Amino acid sequence: MNMRARFTKSSLLAGAIALVISGAAWSADTIKIGDINSYKSQPVFTDGYKKGMELAVEQINAAGGVAGKKLELVTRDDNANPGDAIRQAEDLINREHVDVLAGAFYAHIGTALSDYARQKKRFVLITEALSDNIVWSAGNRYTYRLDASTYMLTSSLVDEAVKLHKKRWALVYPNYEFGTAAASAFKTLLKARQPDVEFVTEQAPPFGKVDAGSVVQALVDSKPDALFNALFGADLAKFIREGTTRSFFGEQLPVLSIITGQPEYLEPLKDEIPPNWTVTGYPWYSIDTPAHKAFVDAYHAKYGTENLRFGSIIGYSAIQSIAAGIKASGGKTDSESMVDAFSGLKVNTPDGPLEYRKIDHQATWGLYVGKLAVKDGSGVMLDYTFKPGNTLLPSDDEVRKLRPAE
Amino acid sequence: MDFSALLSQLLNGLAEASSLFLVAAGLSLIFGVTRIVNFAHGSFYMLGLYIAYSIVEHLMGSMGAAGFWLGLALAAISVGLIGAVVEIVLLRRIYKAPELFQLLATFALVLVINDAVLGYWGAEELLGRRAPGLSGSIDILGRQFPSYNFFLIAIGPVILGLVWLLLVRTRWGVLVRAATQDREMLGALGVNQAWLFTSVFALGAMLAGLGGAVQLPREPASLSLDLRTIGEAFVIVVVGGMGSLPGAYVAALLIAEIKALCIGLGSTTLFGIPVSFSKLTLVIEFLVMAVVLVLRPWGLMGKPQATSRNSAPVEAPLRPGSTHFKWLMGALLLALAVLPLLSTWLPYASVLTQDVLVTVLFAVSLHFIMGPGGMHSFGHAAYFGLGAYGAAILFKVLTMPMPLAFAFAPLVAGLGALVFGWFCVRLSGVYLAMLTLAFSQIVWSVVFQWEDVTGGSNGITGIWPSAWLDGTRYYYLTLVLVVSSLFLVRRILFAPFGYSLRAARDSALRADAIGIDVKRVQWLAFIIAGLFAGLAGTLYIFSKGSISPDAMAVGKSVDGLVMVLLGGIQNLLGPVVGASVFSVLQDSIMRATDYWRAVFGGVILLLVLVFPQGIAGFFQQLAEAWRHWRARAAVKAAALPRTLEKQA
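Chains C and W, in that order, give the protein sequences.
Quick note, the first sequence lines up with residues 762 to 1167 if you use this note's numbering.
Quick note, the second sequence lines up with residues 5 to 652 if you use this note's numbering.
Structural data, given as structure tokens:
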């Protein structure tokens, strides 16, 4: 070994020691949480999300922190692409020395972050990205996920679908993984419960580019008895307006629709809500459990009486989960301790208790399923029921088949 | 599909076509006269819709139904005025920059306008009012058809007619047509070009604004409309033929009808194979464009593009680097080499540099065909993506060992460039650029939808380098490969092949006359550029561990263009400087503020105004001026003793 190489090694070692020492100094009083999200690209969701996170951090710190340490939140924009998200993760780890990584709105970013976690053996909590792959086909030891998956969203509506006793179903969904996965889960689950069902047409317009007139026309022509929808955002607004104008929607056509009841997607529709839609969503305005009321009051006290988003409760529960995990690990924030602490971790959220399942690392995030209606000029969810997350997932045997063994 | 269903879908297509036509017509007019590829045209459309929303909400309270229609008109006029201001304040200052440079300015505008809209109107989608009197639907052969669509169907041809009259029957129109053919001559004849350009730009912007405004009852105003619209508008303009308004209408109609039919057909079975025509709408317009351009190189109704008498100075011949330059590069290389050793103090520097190096290689490969090759590519990300996906598929699906997959992956990109390049080099100018875009979108859509092999929209994960190449070692691998590639590209440009390539760019005819096979040289250049872009993609995927289709989407191609232009297209260092400045700026601004798009756009605008030759181009000019001055000083100094001698 020549001099230069030795010099390099010893300087690296010195650097590493300095890093460990300084790292220890930091972790003495605060625990840093680094969140990577599509703040710029998804402002409606992430605005509430960030507020929810900040509220939780404030409350936890006011109550003395976790394991004697205060929480600190650092957020980074991933520029809506996985490559940048990975770079931000490295920045958060190497420069900001965060203890816990969290985040991801888009499925492809969630998938990339979770793979990064596996490779680098870093604990990560995927907070929103819905792809089933994150906990199943691409699931790994270091990744946990908070929000209900695409499968759970779909399966929460299957009971309603069966109750309708409709034979001819049409499907419409955005042409990417979220839509195709939802459609295929819906078809499989409904077919299993109602073998005589017939899927008469499937429309998969490009995400953000739906030609609503033609799509509605094609759906009308297939003469369905009922419709399953996974469009959201601007696509949904366009689709609903066109469908209403063309008298496609009405009492005669029951529609089952995922995530439509989330305020992010419901509010822009104002009073355009068509009759007979059953949706999953987040009716924050009328949930009357004490835990949720306390959450809404605290939120309004901090931010004024503005509308909550679905992001608000996800962000809030994400911080609660991380705090619970750190508490369960006895204040140890290294990845292995966090991974072990999260396995089977029980967390109390404003929506009630949930558990990070040992078997696939998915949280049992519950869903509200109810009817849409117009109240005072804006859309609301009525007559909803809360479906706990553990009732929405397949049997353990099936999960074992879906998730590679470690 | 029965007859009445078909008819109904055709009517849907007609309604969709109108709005598209309005946007495309404006874009086409602006390009024809000013030769600006107006990237901000989609932003004008978006502004039209947002402004219409606000005005209509305001006016309908006080004026009722009239307020709605007045609101649409006022929105279009406001956007026209905004267009005029943009032209006067910004674009007028950079007409003398190299070709395409104005694209950079309009790209920055897209960022600024998007954030301005976010700041003023907020993030939530805004669904406008229904049109009073046209809110319902009409029964056509037993099907409900929205009555507002008849208004849309009418407005396209009406505007087409009005603009046509304006162009044919007015003096202004004569001037515009003259400017389209030869704007220098027009200037020489004493016509004030400045105001002509302003008025054309304002009219174009107004048409885009109108296109947005008439969508008010049909779709919500949202922040993603700008990029969505600009893509569609470009396709229509090119399919119709740049500068041809009837062409734009025909193209808009063609594409809207084909889309409507695809949706109408839905999912069916062809020859026993299930085919989803509905999913085909993701890419159908680009398929149409590729077919049209391959069959008709100037679009459906376009004419061969008149050679643009570019007002920028002609590019100087390339000169080998000076000794100073070599020392500077050596020092830079050394600095990059020691960077990982400083990770204690600069933990993020090598992380960022890793990404910057890959981006630099991508930009250099694009500059290779754009600058010395003279072929503008709007779809270069395809080769970056093919490299990355090639690596992923070889590694993951065919389970090749990592070094082998790494070595073969760039060849996949090269192969793609070989096939697409063959078609592309047969075109020139904007048509060539748009064909590269079409191919890139086709590849993107295949990757996006071929779930079994490419993982669909989520992509492929788990592509990490072998353990012996991990971490810092991978940084050095990247550094060595990128630096040797840059050296190699430079070497190629100074080899006889490089001279032939530049000769072919400067004058295809003369190059041909001295025995250069112009098409073959260009084709080879296309392949070389594809190979290097593929290498960049390969380096990228093994550093990130995963790849998804957005790495090869339009945005990535546009980023590449912006980097090349920012650095200076007429300078070999341009892409290196441009890519570095772009990446580092974006990274640091993104961290500093929530409104990073506006700040980033603002900085680019500033750079555009200060460095109309690009950053590297500007410093090259400085260096030349300095050399010139020194040479003159030296001559004077040498002359001085002689004068003294004479006097003595």
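Even for Gly, the Cβ is constructed at its ideal location relative to N, Cα and C.
Here the structure is a predicted model, which is why all the values come from computation and not from measurement.
The way I'd put it, the region 929–941 of chain C does touch the region 964–977 of chain C; three or more beta-carbon pairs between them come closer than 8 Å. Taking 8 Å as the threshold, the shortest C-beta distance from residue 954 of chain C to chain W does not fall below it.
If you draw a straight line from the Cα of residue 281 of chain W to the Cα of residue 444 of chain W, it comes to about 20 Å.
Of the candidates W:21, W:457, W:389 and W:575, W:575 places its Cα closest to the Cα of residue 325 of chain W.
A Cβ of chain C is located within less than 8 Å of the beta carbon of residue 285 of chain W.
Under the DSSP assignment, residue 1119 of chain C falls outside any beta strand (DSSP E); it carries neither an H nor an E label. Between the region 53–63 of chain W and the region 151–171 of chain W there are fewer than three C-beta pairs closer than 8 Å, too few to call the two in contact.
With the criterion set as a beta carbon lying under 7 Å from some beta carbon of chain W, the members of the region 841–861 of chain C are 842, 843, 844, 847, 848, 851, 852, 855 and 856, in sequence order. Those residues of the region 935–947 of chain C placed with their C-beta closer than 7 Å to a C-beta in chain W are 936, 937 and 938, ordered along the chain.
According to the DSSP secondary-structure assignment, residue 833 of chain C is paired through a beta bridge with C:793. Rounded to the nearest angstrom, the Cβ distance from residue 883 of chain C to residue 862 of chain C is 6 Å, consistent with a contact under 8 Å. Interface flag for residue 999 of chain C against chain W is set, since a Cβ pair is found closer than 8 Å. For residue 468 of chain W, the nearest beta carbon of chain C is closer than 8 Å to its own beta carbon.
Short of 8 Å from the beta carbon of residue 596 of chain W, and not among the five residues preceding or following it, lie these beta carbons of its own chain, in chain order: 603. Under DSSP, residue 1020 of chain C shares a beta bridge with no residue.
Among the residues facing chain C, residue 224 of chain W is included, as its CB has a counterpart in that chain under 8 Å away. Boundaries of the alpha helix (DSSP H) harbouring residue 808 of chain C: 804–823, taken from the DSSP string. The C-beta distance from residue 189 of chain W to residue 83 of chain W rounds to 31 Å, too long to fall under 8 Å, and the pair is not in contact.
Pairing residue 490 of chain W with residue 481 of chain W gives a Cβ-Cβ distance that is not under 8 Å. Annotated as proximal: residue 1044 of chain C and residue 1129 of chain C, with beta-carbon spacing under 8 Å. For residue 112 of chain W and residue 894 of chain C, the gap between their C-alpha atoms comes out near 37 Å. The contact set of residue 985 of chain C on chain W, defined by CB atoms closer than 8 Å, is empty, because the minimum CB distance reaches about 12 Å. Scanning its chain for C-beta atoms nearer than 7 Å, with the 5 sequence neighbours on each side dropped, one finds around residue 483 of chain W the residues 340, 341 and 361, in chain order. For residue 121 of chain W, the nearest beta carbon of chain C is not closer than 8 Å to its own beta carbon. In terms of beta-carbon proximity, residue 869 of chain C lines the interface with chain W, with at least one pair separated by less than 8 Å. For residue 267 of chain W, the closest Cβ of chain C is nearer than 8 Å.
Beta-bridge analysis with DSSP links residue 930 of chain C to C:960 and C:987.
Nearest to residue 213 of chain W by C-alpha distance, out of W:546, W:79, W:19 and W:479, is W:79.
Counting along the chain, no beta strand (DSSP E) covers residue 1050 of chain C, and no H or E run does either. As the crow flies, the alpha-carbon of residue 571 of chain W is around 33 Å from that of residue 407 of chain W. Residue contact check for residue 1158 of chain C against chain W: no CB pair falls below 8 Å.
DSSP places residue 982 of chain C inside the alpha helix (DSSP H), whose first and last residues are 973–982. Secondary structure note for residue 414 of chain W: it is in no beta strand (DSSP E), and the uninterrupted alpha helix (DSSP H) holding it is 406–428. C-alpha of residue 854 of chain C to C-alpha of residue 794 of chain C: approximately 10 Å in a straight line.
With the rule of 3 Cβ pairs closer than 8 Å, the region 549–568 of chain W does not count as touching the region 406–420 of chain W. For residue 541 of chain W and residue 388 of chain W, the gap between their C-alpha atoms comes out near 4 Å.
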